[in-house]
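**Student:** First the structure, which I've put down as structure tokens, then a few questions once you've had a look.
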Amino acid sequence: MGLALLLTYIALNLLSPVDMLPGLAPYRPSLILALASLPLAMLVRLQSPEIGKLRTQLILVILFFGYACGSWLPHGAYGANVRTLLELAPNVIVYFVGMVLLRSPFRLGLMRATLVLVAIFVMANGFREIPYVRATGESTPYVLAVRDPISKEAVRIQGLGMLHDPNVFGQYLLMILPMLFVSKKGTGLSVGYMLAVPITVLFLVGVYLTGSRGAEMGVAALIGLFMTRRFKRTGALLSAAVGALLLVAINATSSRTISMSGGKDRLALWSDGMSYLKHSPLWGIGFGNFQESQGMTAHNSYLLCAAELGMLGYFLWMSIVVVTMMQLGRVPKVVGASNPALAQWAVALRISLGVYLFTGFFLSRTYELPLFLLIGMSGAIITAAGGDDAIPLRGTFWPVWSFGLCVGILTLIYAMLRLRLV
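So the mapping is simple: my numbering equals the position in the sequence shown, first residue as 1, plus 579.
Below you can see the structure in the form of structure tokens.
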């Protein structure tokens, strides 16, 4: 029952029934579904004490949630903290429920099927509406018409709700791709490849039709993550060459080229984000205040977190990512022989999370449901592998890595701004 509610909740959030039926918006159906699944997850938690072995990731998520909900306290806007709670709670509930209920390869497979079906539904509607958009030049719910004075008129497919942005939908497709090649066999090869290969081709066509420069670069990053994982140093060199060729091919065939000049508006927003961080480096300007101040979001998940929540909130967010990636990386060594399917899921989710974070450098996806779902699925795998007891974090220096990445990414953004301004 709890798993069915979780899958329904995820599907409805991604398909956005509120956009289909605007009359439902005042009733917050997504929040109601999330709260309905929470008691069942709590019951499973009480019946499964082994879930308590996942400590570090869970504590970091709770701390981050509490910090974000209180991010307006230093600014005296107490009512805004309630708004933050209502906006962020459904996504954090997804993390907790997913961590509790998705602790087997079979259940993870059901979640994968749900994500795939949602993607196919959106793409089917997009493909159906493309001829109309090309004929009329008018946008539809699933296709955005773009008039580029330099190149040509282009169409970009998108979803509804949280996927109502071609860039975000492209990221969503990339996030699913690594999960398609997980099977029960230790090699990963199975009859499932009969479905995985054509779905992969379909999703890559979908990424192309989103016209998203970030998603197209994400394809190169996905290839790099896979080849580096498979062939180590040789794979890294090969992936660099393949990635470069891929970007050249994209620039040659796409109506939207990948270049620094193509992101002038984004760089201007990054400059404003750095100004907000300098203004309030410790606390930030408050959850959601970037878009309220600019009318647009930061177009960078890392800078958005730092600007709105300050270095403290940014460090907590980065720590969740670092701890998750570290523990996922050790799961295959712990359960590879006894549970090869779980080991494959750990590898796949690590790549999915990696490509999500890479594309998140060009998108504001700091607090979104897909990220918390990936973290929750990862937590479920780590729990099934024995949690912090079997995969201890002692000696990993994860706080040092987290802080270093916080500073390093902000430094990279600052360097890109300086290079653009020269």
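Idealized CB from N, CA, C, for every residue including glycine.
Going by Cα to Cα distance, which pick from 897, 696, 966 is closest to residue 981?
**Tutor:** Comparing Cα positions, the closest option is 897.
**Student:** Round the Cβ separation of residue 786 and residue 753 to the nearest angstrom and send it over; I've been treating them as touching at under 8 Å.
**Tutor:** The pair is a contact, with the Cβ atoms about 7 Å apart (cut-off 8 Å).
**Student:** For residue 590, does the three-state DSSP call read helix, strand or coil?
**Tutor:** Helix.
**Student:** Are residue 683 and residue 888 touching if we call contact CB-CB under 8 Å?
**Tutor:** Cβ distance not < 8 Å, so residue 683 and residue 888 don't count as in contact.
**Student:** What is the DSSP secondary structure of residue 736, reduced to helix, strand or coil?
**Tutor:** If DSSP states are grouped into helix, strand and coil, residue 736 belongs with the strands.
**Student:** Whose C-alpha, out of 902, 921, 901, is nearest the C-alpha of residue 910?
**Tutor:** When each option's Cα is compared against that of residue 910, the closest is 921.
**Student:** Tell me the rounded alpha-carbon separation between residue 800 and residue 637.
**Tutor:** Each residue's Cα considered, the two are about 28 Å apart.
**Student:** For my contact list, residue 879 and residue 992 are in at a C-beta cut-off of 8 Å; report their separation, rounded to the angstrom.
**Tutor:** Residue 879 to residue 992, Cβ: 7 Å. Contact.
**Student:** Given a cut-off of 8 Å, decide if residue 640 and residue 671 are closer than it, judged by their beta-carbon atoms.
**Tutor:** In contact: residue 671 and residue 640 (Cβ atoms closer than 8 Å).
**Student:** If you follow the beta strand (DSSP E) that residue 726 is part of, which residue opens it and which one closes it?
**Tutor:** Counting along the chain, the beta strand (DSSP E) containing residue 726 begins and ends at 722–726.
**Student:** In whole angstroms, what separates the C-alpha of residue 971 from that of residue 635?
**Tutor:** The straight-line gap from Cα to Cα measures roughly 9 Å.
**Student:** Suppose the cutoff is 7 Å on Cβ atoms and the five residues either side in sequence are ignored; what does the same chain contact list for residue 895 look like?
**Tutor:** These residues qualify, in order along the chain: 639, 642, 643, 646.
**Student:** What does residue 719 pair with, by DSSP beta-bridge criteria?
**Tutor:** 722, per the DSSP bridge assignment.
**Student:** Under a Cβ-count criterion, where at least 16 other Cβ atoms within 10 Å of its own Cβ denotes burial, should residue 750 be classed as buried or exposed?
**Tutor:** It is buried - the Cβ of residue 750 has at least 16 other Cβ atoms within 10 Å.
**Student:** Within 10 angstroms of the Cβ of residue 757, are there 16 or more other Cβ atoms? Answer buried if so, exposed if not.
**Tutor:** Buried, since its Cβ has 16 or more Cβ neighbours within 10 Å.
**Student:** Kindly confirm or deny that the region 925–945 and the region 662–670 touch, where touching means at least three C-beta pairs closer than 8 Å.
**Tutor:** As far as the Cβ criterion goes, the region 925–945 does not touch the region 662–670, which means the pair count is below three.
**Student:** Determine whether the beta carbon atoms of residue 738 and residue 593 lie at a separation below 8 Å.
**Tutor:** For residue 738 and residue 593, yes; Cβs fall inside 8 Å.
**Student:** Kindly confirm or deny that the region 900–908 and the region 843–862 touch, where touching means at least three C-beta pairs closer than 8 Å.
**Tutor:** Judged by Cβ distances under 8 Å, the region 900–908 makes no contact with the region 843–862, as fewer than three pairs qualify.
**Student:** By Cβ distance below 7 Å, which residues in the same chain neighbour residue 870 in space, the five residues on each side in sequence not counted?
**Tutor:** The answer, listed in chain order, is 876.
**Student:** Using the Cβ count rule (16 or more neighbours within 10 Å means buried), how would you classify residue 717?
**Tutor:** The residue in question, residue 717, is exposed, as its Cβ has fewer than 16 Cβ neighbours within 10 Å.
**Student:** Cutting at 7 Å between CB atoms, please list the residues of its own chain near residue 823, excluding the five before and the five after it.
**Tutor:** Its pLDDT being 48, under 50, residue 823 is placed unreliably by the model, and the measurement read from it follows with that caveat. There are no such residues.
**Student:** Indicate the three-state DSSP secondary structure (helix, strand or coil) for residue 862 in the structure shown.
**Tutor:** Three-state result, residue 862: coil.
**Student:** For residue 926, does the count of other Cβ atoms within 10 angstroms reach 16, so buried, or fall short, so exposed?
**Tutor:** Under this definition residue 926 is a buried residue.
**Student:** Within the same chain, show all residues whose beta-carbon is closer than 7 Å to that of residue 744, passing over the 5 residues directly before and after it, in chain order.
**Tutor:** Cβ within range, chain order: 737.
**Student:** State the Cα-Cα distance for the pair residue 914 and residue 964, rounded to the nearest angstrom.
**Tutor:** Near 6 Å, if we compare the C-alpha coordinates of residue 964 and residue 914.
**Student:** For residue 777, which of 760, 788, 789 has the nearest alpha-carbon?
**Tutor:** Ranking the options by Cα distance to residue 777, first place goes to 760.
**Student:** Please state whether the Cβ-Cβ distance between residue 735 and residue 797 is less than 8 Å.
**Tutor:** Contact: no.
**Student:** Taking the CB atoms as reference points, tell me whether residue 633 and residue 966 lie closer together than 8 Å.
**Tutor:** For residue 633 and residue 966, yes; Cβs fall inside 8 Å.
**Student:** Going along the chain, which residues of its own chain have a beta-carbon closer than 8 Å to the beta-carbon of residue 979, five neighbours each way excluded?
**Tutor:** Excluding positions up to five away in sequence, the list is empty.
**Student:** Exposed or buried, what is residue 705 when buried is set at 16 or more other beta-carbons lying within 10 Å of its beta-carbon?
**Tutor:** With 16 or more Cβ atoms within 10 Å of its Cβ, residue 705 is classed as buried.
**Student:** If you run the structure through DSSP and keep just helix, strand and coil, what is residue 651?
**Tutor:** Reduced to three states, the DSSP call for residue 651 is coil.
**Student:** If contacts are defined as beta-carbon pairs under 8 Å, then residue 686 and residue 680 qualify, I think. What distance do you get, rounded to the angstrom?
**Tutor:** Between residue 680 and residue 686 the Cβ distance is about 7 Å, and since that is below 8 Å, they are a contact.
**Student:** Tell whether a beta-carbon distance below 8 Å holds between residue 885 and residue 856.
**Tutor:** The answer is yes: Cβ separation under 8 Å.
**Student:** Here's the rule: buried if 16 or more other CB atoms are within 10 angstroms of the residue's CB, otherwise exposed. What is residue 990?
**Tutor:** Residue 990 should be labelled exposed.
**Student:** I need the straight-line Cα distance from residue 804 to residue 930, nearest angstrom please.
**Tutor:** Roughly 6 Å separates the two Cα atoms.
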